[in-house]
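Structure first, commentary second.
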């Protein structure tokens, strides 16, 4: 990301003197590069078993427990993959990347309330897909 921003600076080096606020210009470039990256990643299968296993797997003691944990992880991963794309993207940023809701809202140009709604919806869908009753 940083190298992309510096590359933009280098490409625009002849017009840098025309920029009135270098800080604002750099923030805008960084923001746009971040959004582009996140949009590109959202289009891909960004959640895999390997990505989430460290968050859910407890220490394993027996081969039987290992097999059961793998099966449970596969079910969780499948439930996450069934989420609507936007909901899955917000869930990934919040729960896997650990980004604060405010930062996600800024990156995606949506409100924090919308982030809350996406997370609540994701958790409801995942619970329903796993047949977890409240």
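In my numbering, the protein residues as written are 110 to 243.
Every residue gets a Cβ at the ideal spot worked out from N, C-alpha and C, and that includes glycine.
From a predicted model like this one, the values you see are computed outputs, not experimental measurements.
Presumed contact (8 Å Cβ cut-off) between residue 234 and residue 192, rounded CB distance: 6 Å
Between the CA atoms of residue 190 and residue 183 - distance to the nearest angstrom: 10 Å
Simplified DSSP state of residue 235, which is helix, strand or coil: helix
Own chain residues within Cβ distance below 7 Å of residue 208, not counting five before or after: 202
Nearest-angstrom Cα separation, counted from residue 144 out to residue 213: 10 Å
Exposure label - residue 239; buried when at least 16 CB within 10 Å: exposed
Where residue 133 falls, given that 16 or more other Cβ within 10 Å makes a residue buried: exposed
Segment limits, alpha helix (DSSP H) that includes residue 216: 210-217
The alpha helix (DSSP H) enclosing residue 194, as first and last residue numbers: 194-200
Residue 226 (DSSP reduced to helix, strand or coil): helix
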